[in-house]
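With the numbering used here as the guide, the letters of the sequence shown map in order to residues 1 to 233. We put the beta carbon where it would ideally sit given N, CA and C, even for glycine. Everything below concerns the one structure shown next.
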Amino acid sequence: MSEALRILGLADLHDSIERLDGLEDIRCDIIAFCGDLHNGSPGERARPAAMALARLGPPVLIVPGNMDHRDTIYPLWEEAGFILLHQSTFRYKGYSFLGLGGMVSLDPRRLADPNRFYHRDEEVYAILEKAYLKVSDARCKIVIVHQPPRGAQDLLYNGERSGSLGLRRFIEDYQPDLVLCGHIHEDRGECRIGSTLVINVGELRQGYGAVIGLAEKMRDGRMADENITVDWI
1 MSEALRILGL ADLHDSIERL DGLEDIRCDI IAFCGDLHNG SPGERARPAA
51 MALARLGPPV LIVPGNMDHR DTIYPLWEEA GFILLHQSTF RYKGYSFLGL
101 GGMVSLDPRR LADPNRFYHR DEEVYAILEK AYLKVSDARC KIVIVHQPPR
151 GAQDLLYNGE RSGSLGLRRF IEDYQPDLVL CGHIHEDRGE CRIGSTLVIN
201 VGELRQGYGA VIGLAEKMRD GRMADENITV DWI
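This is the structure in structure tokens:
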């Protein structure tokens with residue numbers, strides 16, 4: 001049986017560190033940061049945001065966004081003590097987390113950039129499936145990604161859908177309990193894909209985030225709907 005858990009879900013700070021002020025007063029067990037902590041900032045320019053996030057106190061699970069560069073995040077996020085969940089898994093209080101950072105791109109120039117987290121949509125399913133199988137025994141499974149799934153909190157201002165098809169297929173096939181994402185600033189909110197709750201936590205640069213509460217009670221081997229609460233920041 002998993003213990004109750006409170007997750008502070010954040011994304012898309014884009015180095016606007018003043019938006020972290022006051023978050024230390026929010027009671028949570030763990031922070032899930034869904035990418036774009038930085039805004040393409042190199043080295044020392046990115047350091048203030050990373051260290052300010054670390055100073056909030058709780059463990060930080062994080063995936064990179066499309067604006068977090070490889071040559072910046074690997075030394076810096078390790079120094080900050082973050083748990084990098086990109087293509088990886090993590091277990092905490094009986095819960096299992098798996099993650100994938102970056103975003104899908106059809107542009108071969110972006111895909112060829114070794115310093116950016118871009119990938120092909122057909123790669124997404126295989127990466128997440130491999131991670132999921134490592135934690136398939138867990139009672140509650142939580143996915144942290146940057147880009148939303150197609151058709152779920154991924155609506156752009158122009159009316160187009162911009163989520164990942166591979167992520168959508170993965171959710172439909174494996175039905176994790178919870179998916180946390182960001183990236184699409186204009187479609188903050190929550191919805192369901194089957195029994196999976198998908199939450200776009202919103203753009204922290206604008207002051208948005210969410211506190212997700214998970215109770216310990218399960219129903220038929222899954223987290224019951226009434227035992228997941230979302231409080232919007």
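Strictly by DSSP, which residues pair up with residue i?
i	result
R161	L155
P149	S164
C234	Nothing in the structure corresponds to residue 234, since the chain is present only between 1 and 233.
M103	Y118
S96	K141
L192	Looking at the sequence itself, residue 192 is Arg, so the reference to Leu does not match. Beta-bridge pairing links R192 to L197.
D231	V211
R6	G213
Any idea if residue i is buried or exposed, counting beta-carbon neighbours within 10 angstroms, 16 or more meaning buried?
i	result
K141	buried
S41	buried
L156	exposed
D15	buried
R109	exposed
G166	buried
S96	buried
P149	buried
R188	buried
R19	buried
E203	buried
L106	exposed
Considering Cα atoms alone, identify which of the options is closest to residue i.
i	options	result
I199	L20, Q206, H183	H183
F33	R70, F82, P42, E24	F82
F170	G207, L98, G57	L98
I127	P75, R110, V104, L197	V104
G213	D137, D231, D36	D231
I17	G9, D25, A52	A52
L8	H146, A210, R150, D225	A210
D121	Q147, D113, G57	Q147
C28	P58, I233, L111, E226	P58
L23	E186, A54, R70	A54
D154	L180, P75, D137	L180
K134	Y125, G151, T89, F117	T89
I144	V60, L13, A4	V60
R192	Y125, D225, A4, H119	D225
E44	L56, D21, E79	E79
A4	N39, Y92, D21	Y92
A215	R139, I233, Y125	R139
D173	I233, L56, R6, Y125	Y125
Measuring straight from C-alpha to C-alpha, what distance separates residue i and residue j?
i	j	result
G102	R205	18 Å
T72	G94	32 Å
T229	I31	16 Å
S195	K130	21 Å
N158	G65	22 Å
A11	G163	16 Å
E123	A49	30 Å
R161	R168	12 Å
D70	N115	Inspection of the sequence shows that residue 70 is occupied by Arg rather than by Asp. Their backbone Cα atoms lie some 5 Å apart in a straight line.
L178	M67	24 Å
I26	Y74	27 Å
H86	L100	5 Å
L111	A46	23 Å
W77	D36	13 Å
V63	L84	6 Å
D137	Y118	30 Å
N227	D113	42 Å
H38	L13	7 Å
D21	G207	10 Å
E186	G151	14 Å
Sequence ranges, alpha helix (DSSP H) only - wholly within the segment 23–102, length at least 4: 43–54, 70–80
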